[in-house]
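A.B. asks: Can you keep this structure in mind? I'll have questions shortly.
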Amino acid sequence: MSELLTEAAAVSAGGSAEDVAARRKLPVLFWVSLGWLVLVAVLAVVAGVLPLPRPTETGAGPARMGPSAQHWLGTDSLGRDMLSRTIYGARVSLLVGFTSIAAGLLVGGTIGVLAGYYRGRFETVAMGAMDVLLAFPSLVFALALVSFLGPRLSTVILAIGVLSVAPIARVVRASTLTFAQREFVLAARTVGAKNRRIIVSEILPNVVPAALSFALVAVAVAIVAEGALSFLGLSVAAPTATWGSMINEGRTLLQEAPHISFVPSAAMFLTVLALNFAGDALQARFDVREGRL
Amino acid sequence: MTPLLEVVDLVTHFVTERGLARAVDGVSLTVERGRTLGIVGESGSGKTVLARSIMGLLPRAGVRRGGKVLFEGQDLLGLSDRDLRDIWGAEIAMVFQDPMTSLNPVVRIGRQITESLRHHLQLGKAAARARAIDLLASVGIPEPARRFDQYPHELSGGMRQRVTIAIALACGPKLLLADEPTTALDVTVQSQILDLLQAQQRERSMAMILVTHDLGVVAGRTDEIAVMYAGKVVERAPTHTLFTEMRMPYTESLLASIPRIEQPSHTRLRAITGRPPDLVHPPTGCRFAARCPYAQPRCVEEEPPLMPAPTPGHHYACWYPVGDPAVRAG
Chain A
192 MSELLTEAAA VSAGGSAEDV AARRKLPVLF WVSLGWLVLV AVLAVVAGVL
242 PLPRPTETGA GPARMGPSAQ HWLGTDSLGR DMLSRTIYGA RVSLLVGFTS
292 IAAGLLVGGT IGVLAGYYRG RFETVAMGAM DVLLAFPSLV FALALVSFLG
342 PRLSTVILAI GVLSVAPIAR VVRASTLTFA QREFVLAART VGAKNRRIIV
392 SEILPNVVPA ALSFALVAVA VAIVAEGALS FLGLSVAAPT ATWGSMINEG
442 RTLLQEAPHI SFVPSAAMFL TVLALNFAGD ALQARFDVRE GRL
Chain B
11 MTPLLEVVDL VTHFVTERGL ARAVDGVSLT VERGRTLGIV GESGSGKTVL
61 ARSIMGLLPR AGVRRGGKVL FEGQDLLGLS DRDLRDIWGA EIAMVFQDPM
111 TSLNPVVRIG RQITESLRHH LQLGKAAARA RAIDLLASVG IPEPARRFDQ
161 YPHELSGGMR QRVTIAIALA CGPKLLLADE PTTALDVTVQ SQILDLLQAQ
211 QRERSMAMIL VTHDLGVVAG RTDEIAVMYA GKVVERAPTH TLFTEMRMPY
261 TESLLASIPR IEQPSHTRLR AITGRPPDLV HPPTGCRFAA RCPYAQPRCV
311 EEEPPLMPAP TPGHHYACWY PVGDPAVRAG
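Protein chains in written order, with the working numbering: chain A, 192 to 484; chain B, 11 to 340.
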């Protein structure tokens with residue numbers, strides 16, 4: 192998970208050679224991605240009032256049936272409605288994805304800004320700790336945490352949140368470093384600004400957009416991580432619908448009823464792709480550099 | 011009455027891997043209230059480090075400091091960052107070289123001005139806004155109320171430098187340090203900015219230190235000029251005296267290297283040959299000796315001290331000064 196995040200950071204930091212005008216406008220793909228994300232989020236929020244069978248209701252229709260008028264996305268091996276399960280699964284995925292990264296952003300972002308601004312011993316210690324976190328095998332960490340605290344939503348959020356701290360701290364520190372050495376920080380000091388005010392009103396406005404767009408990509412990684420954990424049965428316990436556990440349930444039936452695995456896979460694929468597109472577009476947009484001013 | 015700023019034997023040495031770099035090596039200066047001092051020297055002569063040392067802006071680690079910076083009798087070198095913060099902005103302010111980098115690109119211009127107003131003068135939001143708009147108008151920015159809500163990239167270079175000047179002037183400092191304020195600007199804009207600085211300096215009877223590599227910039231705009239070379243002041247005089255009765259060959263060479271409009275085209279520019287000395291291993295004698303057209307054996311052996319000239323307020327560091335007939339003949 193953390194390896195994936197670092198990779199995402201590397202890829203998005205590379206940027207492309209598009210011209211200024213293209214960067215100013217957000218591409219159509221961004222709006223399509225945003226549309227998909229909004230759709231998924233809205234469905235997940237209003238799932239309870241939709242005219243759908245309960246996601247855990249067995250025998251809502253004949254088992255392992257393909258898409259039909261009654262069950263748009265078909266039914267699974269226990270006859271549960273796939274559309275309903277997919278939408279409820281989105282709840283878990285989005286909740287885990289956004290809360291864990293929000294927590295990671297809060298902790299990792301704070302560490303990164305302080306390390307990048309104050310430097311010195313704090314930076315050495317904090318970044319050393321982040322390296323240790325990065326080097327720690329993430330799956331082992333998640334496994335240990337789940338077996339210790341039990342397979343609950345909060346545990347999964349905690350595990351992914353902790354794992355996201357290090358990559359976020361690194362990205363934020365790197366960004367803070369470049370801005371902390373800029374002349375406008377010195378200029379702010381010459382009119383008597385305190386460190387706290389410099390961080391809040393000079394550094395943060397520059398760092399936050401980049402951090403948020405990176406976080407969007409991180410959410411995608413977190414959703415995949417949650418999927419992997421629930422595929423392994425380490426996330427929310429059955430029968431609660433999650434995309435990962437649904438993929439797992441369809442695993443043995445790939446030949447006769449491929450849609451059981453395919454539907455949640457497609458939902459996850461599209462959501463992760465949309466998050467990546469949106470995150471990349473925002474990163475390109477908020478990448479403030481002298482040359483483009 | 012004590013002078014506004016008195017720099018006594020100021021030393022700023024940087025600890026580098028190669029050794030101690032003597033960026034500022036025993037500089038003494040005095041700036042009276044409401045007066046203007048120009049500091050002139052080529053790149054690497056220590057002008058910027060001098061300005062930042064006076065401000066107390068240099069990092070504490072890796073820097074050896076010595077001497078005194080007396081601002082209204084108070085030694086700034088001994089102050090903590092906390093005490094300096096009350097002086098920065100309110101008593102001494104600074105204008106930087108490049109307005110592209112000294113303004114925060116993602117913060118509206120208005121907020122960059124009001125921050126220090128609200129901090130130092132405890133103004134409310136509306137009062138600070140009104141004050142900031144007045145300031146923008148006073149530094150010659152048209153439509154100040156509209157500019158207030160704009161971002162730096164929406165302004166031209168000259169306008170941005172006007173904004174940084176407005177920020178520096180916001181709390182009515184007694185001393186303004188302008189570190190190459192026009193180097194990053196177009197030639198046509200340069201004189202506008204210099205005129206603005208001069209007008210503001212007079213209007214507010216504020217003292218100003220104008221740091222530049224261009225003698226032309228300080229010529230008509232300063233009361234006194236200090237010429238720096240390799241971390242030392244080599245000549246200091248009232249502006250008029252310096253231009254008419256310069257004693258230091260370096261000053262003469264600097265002046266000679268300014269292209270003149272009345273000369274025919276393709277006249278070779280008289281550049282100063284060679285490069286400034288290595289500040290880690292400065293030469294034993296006069297630091298300019300290696301590039302000096304009049305150098306004598308004594309120049310390489312013994313370093314000339316800053317000595318008074320017959321003209322009032324004029325000091326120079328040279329064994330064989332320009333305009334000394336006895337010396338030149340021999």
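We put the beta carbon where it would ideally sit given N, CA and C, even for glycine.
Can the beta-carbon of Glu190(B) be found less than 7 Å from the beta-carbon of Val221(B)?
C.D. replies: Taking the first residue of the second sequence as position 1, residue 190(B) is located at position 180. Taking the first residue of the second sequence as position 1, residue 221(B) is located at position 211. Yes, they are a contact pair.
A.B. asks: For Ser63(B), which residues in chain A fall below 8 Å Cβ to Cβ?
C.D. replies: What you label residue 63(B) is simply residue 53 of the second sequence in a count that begins at 1. In chain order: nothing, as chain A lies at least about 13 Å away.
A.B. asks: Could you round the C-beta distance between Val228(B) and Val50(B) to whole angstroms and report it? I think they count as a contact, below 8 Å.
C.D. replies: Locating residue 228(B) in the second sequence gives position 218, counting from the first residue. Locating residue 50(B) in the second sequence gives position 40, counting from the first residue. Yes, Val228(B) and Val50(B) are in contact; Cβ-Cβ is about 6 Å, under 8 Å.
A.B. asks: What residue ranges within the region 217 to 261 of chain A form continuous alpha helix (DSSP H) runs of no fewer than 4 residues, ordered along the chain?
C.D. replies: If we require 4 residues or more, the alpha helix (DSSP H) runs fully inside the region 217 to 261 of chain A come out as 219 to 237.
A.B. asks: In whole angstroms, what is the alpha-carbon distance linking Leu265(B) and Val382(A)?
C.D. replies: Taking the second sequence and counting its residues from 1, one reaches residue 265(B) at position 255. Taking the first sequence and counting its residues from 1, one reaches residue 382(A) at position 191. If you take the alpha carbons of Leu265(B) and Val382(A), they lie about 35 Å apart.
A.B. asks: Within 8 Å, do at least three Cβ pairs link the region 440 to 454 of chain A to the region 319 to 338 of chain A?
C.D. replies: Output reads no: the region 440 to 454 of chain A does not touch the region 319 to 338 of chain A.
A.B. asks: Would you call the CB atoms of Pro248(B) and Glu234(B) closer than 7 Å?
C.D. replies: Looking up residue 248(B) in the second sequence gives position 238. Looking up residue 234(B) in the second sequence gives position 224. Going by C-beta atoms, Pro248(B) is nearer than 7 Å to Glu234(B).
A.B. asks: Among the candidates Val463(A), Ser392(A), Thr431(A) and Thr249(A), whose CA atom is the shortest distance from the CA of Ala416(A)?
C.D. replies: The residue you call residue 416(A) lines up with position 225 of the first sequence. Among Val463(A), Ser392(A), Thr431(A) and Thr249(A), the Cα nearest to that of Ala416(A) is on Val463(A).
A.B. asks: Taking only three categories from DSSP, how would you classify Arg45(B)?
C.D. replies: As a position in the second sequence, residue 45(B) is number 35, starting the count at 1. Coil at Arg45(B), not helix or strand.
A.B. asks: Can you tell which of Val362(A), Pro358(A) and Ser329(A) has its C-alpha closest to the C-alpha of Leu347(A)?
C.D. replies: Stepping through the first sequence from its first residue, residue 347(A) is reached at position 156. Sequence inspection shows Val at residue 347(A); the Leu mentioned does not correspond to that position. The shortest Cα separation from Val347(A) among Val362(A), Pro358(A) and Ser329(A) belongs to Ser329(A).
A.B. asks: Is it true that the region 293 to 303 of chain A meets the region 351 to 360 of chain A, where meeting means three or more beta-carbon pairs spaced less than 8 Å apart?
C.D. replies: They touch, by the three-pair rule.
A.B. asks: Going by DSSP, what residues sit across from Ala78(B) in a beta bridge?
C.D. replies: As a working note, residue 78(B) is residue 68 in the second sequence. According to the sequence provided, residue 78(B) is Lys. The question's Ala does not apply to it. In DSSP, Lys78(B) forms a bridge with Val18(B).
A.B. asks: Counting contacts by CB-CB distance shorter than 7 Å, is Leu30(B) in contact with chain A?
C.D. replies: Position 20 of the second sequence, counting from 1, holds the residue named residue 30(B). It does not: the Cβ of Leu30(B) has no partner Cβ on chain A nearer than 7 Å.
A.B. asks: If you drop the 5 nearest sequence neighbours on each side, which residues of the same chain put their C-beta closer than 7 Å to that of Leu336(A)?
C.D. replies: Looking up residue 336(A) in the first sequence gives position 145. Closer than 7 Å at Cβ, skipping near neighbours: Thr346, Leu349 and Ala350.
A.B. asks: With Asp205(B) as the anchor, note down where its beta strand (DSSP E) starts and where it stops.
C.D. replies: Numbered from its first residue, the second sequence carries residue 205(B) at position 195. Asp205(B) -> not in any beta strand (DSSP E); alpha helix (DSSP H) instead, spanning Val197 to Glu213.
A.B. asks: Under three-state DSSP, which class holds Ile438(A)?
C.D. replies: Along the first sequence, read from residue 1 onward, the residue named residue 438(A) stands at position 247. Note: Ile438(A) maps to helix in three-state DSSP.
A.B. asks: What whole-angstrom Cβ distance do Gln208(B) and Arg231(B) have, given they're in contact under 8 Å?
C.D. replies: Here residue 208(B) corresponds to residue number 198 of the second sequence, with the count starting at 1. Here residue 231(B) corresponds to residue number 221 of the second sequence, with the count starting at 1. About 5 Å separates the two Cβ atoms, so the contact holds.
A.B. asks: Please report the straight-line C-alpha distance between Leu286(A) and Phe453(A), rounded to a whole angstrom.
C.D. replies: Reading the first sequence from its first residue, position 95 is the one you call residue 286(A). Reading the first sequence from its first residue, position 262 is the one you call residue 453(A). The alpha-carbon atoms of Leu286(A) and Phe453(A) are separated by roughly 22 Å.
A.B. asks: State yes or no: is the C-beta of Val117(B) within less than 7 Å of the C-beta of Pro400(A)?
C.D. replies: The residue labelled residue 117(B) in the question sits at position 107 within the second sequence. The residue labelled residue 400(A) in the question sits at position 209 within the first sequence. Not in contact: Val117(B) and Pro400(A) (Cβ atoms no closer than 7 Å).
A.B. asks: Taking the alpha-carbon positions, what's the Ser338(A) to Arg170(B) distance?
C.D. replies: Reading the first sequence from its first residue, position 147 is the one you call residue 338(A). Reading the second sequence from its first residue, position 160 is the one you call residue 170(B). Cα-Cα distance, rounded: 59 Å.
A.B. asks: Do we get a CB-CB distance below 7 Å when we pair Thr381(A) with the residues of chain B?
C.D. replies: For this step, residue 381(A) is matched to residue 190 along the first sequence. By this cut-off, Thr381(A) is an interface position.
A.B. asks: So that I know if they touch, is there some Cβ in chain A lying closer than 7 Å to that of Arg95(B)?
C.D. replies: Walking along the second sequence from the start, residue 95(B) turns up at place 85. Closer than 7 Å: yes.
A.B. asks: Within 10 angstroms of its Cβ, does Ala136(B) collect 16 or more other Cβ (buried), or is it exposed?
C.D. replies: As a working note, residue 136(B) is residue 126 in the second sequence. When all chains shown are included, Ala136(B) counts as exposed.
A.B. asks: Hey, out of Gly150(B), Arg270(B) and Gly226(B), whose CA is closest to His250(B)'s CA?
C.D. replies: By 1-based counting over the second sequence, the position of residue 250(B) is 240. Comparing Cα positions, the closest option is Gly226(B).
A.B. asks: For chain A, find out if any of its Cβ atoms is closer than 7 Å to the Cβ of Ser112(B); answer yes or no.
C.D. replies: As a first step, residue 112(B) is located in the second sequence; it is residue number 102 there, counting from the start. Closer than 7 Å to some Cβ of chain A, the Cβ of Ser112(B) qualifies, so yes.
A.B. asks: Taking contact to mean 3 or more Cβ pairs, one atom from each stretch, closer than 8 Å, check whether the region 284 to 303 of chain B and the region 267 to 274 of chain B are in contact.
C.D. replies: Short answer: they don't touch.
A.B. asks: Does any C-beta atom of chain B lie closer than 7 Å to the C-beta of Glu150(A)?
C.D. replies: Residue 150(A) cannot be examined here, being either before or after the span of chain A that is shown, 192 to 484.
A.B. asks: Looking at C-beta atoms only, is the number of pairs between the region 402 to 410 of chain A and the region 353 to 372 of chain A that lie closer than 8 Å three or more?
C.D. replies: Yes, since at least three Cβ pairs between the region 402 to 410 of chain A and the region 353 to 372 of chain A fall closer than 8 Å, the two stretches touch.
A.B. asks: Count the CB pairs spanning the region 22 to 34 of chain B and the region 55 to 70 of chain B that are closer than 8 Å, and state whether there are at least three.
C.D. replies: Touching, per the Cβ criterion.
A.B. asks: Distance check for Ser291(A) and Lys385(A), CA to CA, integer angstroms please.
C.D. replies: By 1-based counting over the first sequence, the position of residue 385(A) is 194. By 1-based counting over the first sequence, the position of residue 291(A) is 100. Looking at the two C-alpha atoms, the distance is approximately 32 Å.
A.B. asks: DSSP three-state call for Lys57(B): helix, strand or coil?
C.D. replies: Your numbering for residue 57(B) matches position 47 in the second sequence. Helix, per DSSP.
A.B. asks: Note down, in chain order, all residues in the region 390 to 421 of chain A with a beta-carbon under 7 Å from any beta-carbon belonging to chain B.
C.D. replies: The region 390 to 421 of chain A vs chain B, Cβ under 7 Å: Ser392, Glu393, Pro396 and Asn397.
A.B. asks: Closer than 7 Å, Cβ to Cβ, to anything on chain A: give me those residues from the region 122 to 147 of chain B, in chain order.
C.D. replies: Against chain A - using a Cβ distance shorter than 7 Å - the residues of the region 122 to 147 of chain B are Glu125, Ser126, His129 and His130.
A.B. asks: Give me the residue from Ser268(A), Val240(A), Pro244(A) and Pro258(A) with the minimum Cα distance to Leu444(A).
C.D. replies: As a working note, residue 444(A) is residue 253 in the first sequence. Among Ser268(A), Val240(A), Pro244(A) and Pro258(A), the Cα nearest to that of Leu444(A) is on Ser268(A).
A.B. asks: Looking at the strands, I want to know which residues DSSP matches up with Val37(B).
C.D. replies: As a first step, residue 37(B) is located in the second sequence; it is residue number 27 there, counting from the start. Answer is Leu20(B), bridged to Val37(B).
A.B. asks: Exposed or buried, what is Ser53(B) when buried is set at 16 or more other beta-carbons lying within 10 Å of its beta-carbon?
C.D. replies: Along the second sequence, read from residue 1 onward, the residue named residue 53(B) stands at position 43. By the neighbour-count rule (16 or more Cβ atoms within 10 Å), Ser53(B) is not buried but exposed.
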